[in-house]
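Beneath this line is the structure, given in structure tokens, with notes to follow.
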Amino acid sequence: MVRIKQYVIGMLLLSVGSSISAWGKKDATRSPAPQWVTNPTSVYPADAYVVAIGSGAERSSAELSALAGIAAVFGQTLTVTAQATDSIARTSDTDTAVYTRDQRVTHLVDRTVAQDDVLGVSVPEFWFDGAGTWYALALINRAETAALYEARIIDNNREITALTERDEDNPYTFRAYARYGYAVSLGAYNDTALARLSVIDKERSARLRETSRSAVSLRHEQVELAHRIPVALRISNDPDGTVAAVCAEIFSHAGFLTVSERAGHYLFAADVVLDTAPNSTGTIVYCRYVVTGYLTEIHSREQLLPVTVRGRQGAATQAEAERRALAELKRALPDEFGVQFTEYLDRVVAAE
0 MVRIKQYVIG
10 MLLLSVGSSI
20 SAWGKKDATR
30 SPAPQWVTNP
40 TSVYPADAYV
50 VAIGSGAERS
60 SAELSALAGI
70 AAVFGQTLTV
80 TAQATDSIAR
90 TSDTDTAVYT
100 RDQRVTHLVD
110 RTVAQDDVLG
120 VSVPEFWFDG
130 AGTWYALALI
140 NRAETAALYE
150 ARIIDNNREI
160 TALTERDEDN
170 PYTFRAYARY
180 GYAVSLGAYN
190 DTALARLSVI
200 DKERSARLRE
210 TSRSAVSLRH
220 EQVELAHRIP
230 VALRISNDPD
240 GTVAAVCAEI
250 FSHAGFLTVS
260 ERAGHYLFAA
270 DVVLDTAPNS
280 TGTIVYCRYV
290 VTGYLTEIHS
300 REQLLPVTVR
310 GRQGAATQAE
320 AERRALAELK
330 RALPDEFGVQ
340 FTEYLDRVVA
350 AE
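Per numbering that gives the first Met the number 0, the very first residue in the sequence shown carries number 0; after that it's consecutive.
Here it is, written out as structure tokens:
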């Protein structure tokens, strides 16, 4: 019985030793690195492709390293998260002027601006060296990606032209201003796309730039339009004209012309209420402020936007509480009214 046990143990040790020896031989004779790792341009010529090699302990980290290399060529930074999958897809077709990332990429690569994505990226090559390192090759096909950028830029240019066409009967409206705002965002996308395209195909980028309107020029046109849109103010119960002054600044900051009610195309009419009351012990006086109003199209009398801003401040005296409330109102009104007005302009475009 003892001899049988010794025989079995001996066979097991022999088997393990043989396995270790075989593994060592396999490691020593592993296949050499493929040519795309050692000399990528010999496989993917530089005149036809933009390539980047990435490496890492995991297949996924090598892939993301390669993608980061492609992004760096375009002056873009990628922030890699801890989790990753083995493949990353890129969506290259679109029928509209709104561009979004493939959702499978969102949890892998975090970009500051979604529109800043580089188009046409693929990761067709992977190799494991047998010693703990993965390699990946990411590439862009110059001709295919240039065609993608050109198609999007041309589509956006058509959309910008449509958005900036003016109604001959009523050209100076909030609707026209809002449409220009969307045109500015498309112009900004085109600015980025043209810069990306210049890396791939300089001649095509230069040609398209001649027929494209930049975000800066479109914003300048939008401000010029705003100067022709008169907005009147009617503020009731306004202590020292404080609220009227803040409202005038809000519209002026956007470029609108503030005028008398007779000359206005639009009217912002609001009422200011300041209520003061002590607390139950009489040690603190609170001043509550409420501004309620409507933005109205004067000729049609259509109410476009209801506005409400409220809050309160406390102090030891009524005079100090009112002073603090007005100071707080001056800070709150631009933020709250400004946000509500911006959301209104967004709805105007979205409703079309």
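The beta carbon of each residue, even a glycine, is placed where N, CA and C say it ideally should be.
Checklist entry - By Cβ distance below 8 Å, which residues in the same chain neighbour residue 323 in space, the five residues on each side in sequence not counted? => result Once the five neighbours on either side are set aside, the close Cβ partners of residue 323 are 286, 312, 313, 314.
Next on the checklist: I'd like to know whether the C-beta atoms of residue 254 and residue 229 end up nearer to each other than 7 Å.
Outcome noted: The Cβ atoms of residue 254 and residue 229 lie no closer than 7 Å to each other.
Item to check | Other residues of its chain near residue 292: CB distance less than 7 Å, five sequence neighbours each side excluded | outcome: For residue 292, where only same-chain residues beyond five positions count, the Cβ hits under 7 Å are 267, 268, 269, 270, 306.
Checklist entry - Taking buried to mean at least 16 other C-beta atoms within 10 Å of its own C-beta, is residue 212 buried or exposed? => result Buried, since its Cβ has 16 or more Cβ neighbours within 10 Å.
Checklist entry - Is residue 236 buried or exposed, if buried means 16 or more other CB atoms sit within 10 Å of its CB? => result By the beta-carbon neighbour count (other beta carbons within 10 angstroms, threshold 16), residue 236 is exposed.
Item to check | Cα-Cα separation between residue 187 and residue 300, rounded to whole angstroms | outcome: Within the model, the alpha-carbon separation for residue 187 versus residue 300 is close to 35 Å.
Checklist entry - Between the C-alpha atoms of residue 179 and residue 53, what's the straight-line distance to the nearest angstrom? => result A straight-line Cα-Cα distance of about 42 Å links residue 179 and residue 53.
Checklist entry - Out of curiosity, what's the CA-to-CA distance linking residue 46 and residue 141? => result Those two C-alpha atoms are separated by around 8 Å.
Checklist entry - Thinking C-alpha only, which one of 32, 68, 202 is nearest residue 130? => result 32 is the residue among 32, 68, 202 whose C-alpha sits nearest the C-alpha of residue 130.
Item to check | Same chain, Cβ closer than 6 Å to residue 69, neighbours up to 5 away in sequence not counted | outcome: Sequence-distant Cβ neighbours of residue 69 in its own chain, meaning closer than 6 Å and more than five residues away, are 51, 120, 137.
Next on the checklist: Going by the DSSP bridge assignment, what does residue 277 pair with across the sheet?
Outcome noted: Beta-bridge pairing links residue 277 to 284.
Checklist entry - Do the segment 238-255 and the segment 330-348 make contact, defined as three or more Cβ pairs closer than 8 Å? => result They touch, by the three-pair rule.
Next on the checklist: Does residue 117 come out as helix, strand or coil in the three-state DSSP assignment?
Outcome noted: DSSP, read as helix, strand or coil, puts residue 117 in coil.
Checklist entry - For the putative contact between residue 288 and residue 224, defined by C-beta atoms under 8 Å, what is the C-beta separation to the nearest angstrom? => result The beta-carbon distance between residue 288 and residue 224, rounded to whole angstroms, is 34 Å. This is too long to meet the 8 Å contact definition.
Item to check | Any alpha helix (DSSP H) of 4 or more consecutive residues that is wholly inside the segment 227-308 | outcome: Taken in chain order, the complete alpha helix (DSSP H) segments of 4 residues or longer contained in the segment 227-308 are 241-252.
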